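Following the working numbering, the numbering of the sequence shown begins with -6 at its first residue and continues without gaps. Quick reminder that beta carbons are idealized off the backbone N, C-alpha and C, glycines included. All figures in this text were calculated on a predicted structure; none of them were measured in a lab.
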Amino acid sequence: MQFIELLETGTPNIDFSGHSENTFRIIDFSVPPTAYGKFMSTIFMQWVKNDVGEIFIRQFES
-6 MQFIELLETG TPNIDFSGHS ENTFRIIDFS VPPTAYGKFM STIFMQWVKN DVGEIFIRQF
54 ES
């Protein structure tokens, strides 16, 4: 089983001179880092309690 992190980004920041920076803003509906961390912590605790050796999760076993 894999949990793939994905961020939705908007267009790069461009100033009025047309100069583009390689910085992107994260779209509002993307999962905040703390929420994703809580999700992964919850999954990890359930996995350790119930599924070690039966279900293999790449992020935890690498």
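Practice task
Report the rounded CA-to-CA distance for Arg51 versus Ile19, giving the unit in angstroms.
Solution key: Pairing Arg51 with Ile19, the inter-Cα distance amounts to about 26 Å.
Practice task
Name, in chain order, the residues that DSSP records as bridge partners for Thr2.
Solution key: In the DSSP secondary-structure assignment, Thr2 is bridged to Ile19.
Exercise for the section: Determine the extent of the alpha helix (DSSP H) in which Gln39 is found, giving its start and end residues. Expected result: Pro26 to Asn43
Exercise for the section: Could you have a look at Phe49 and say whether DSSP puts it in helix, strand or coil? Expected result: coil
Practice task
Compare the C-alpha of Gly3 against each of Phe22, Ile(-3), Met(-6) and Trp40 and name the closest.
Solution key: Phe22
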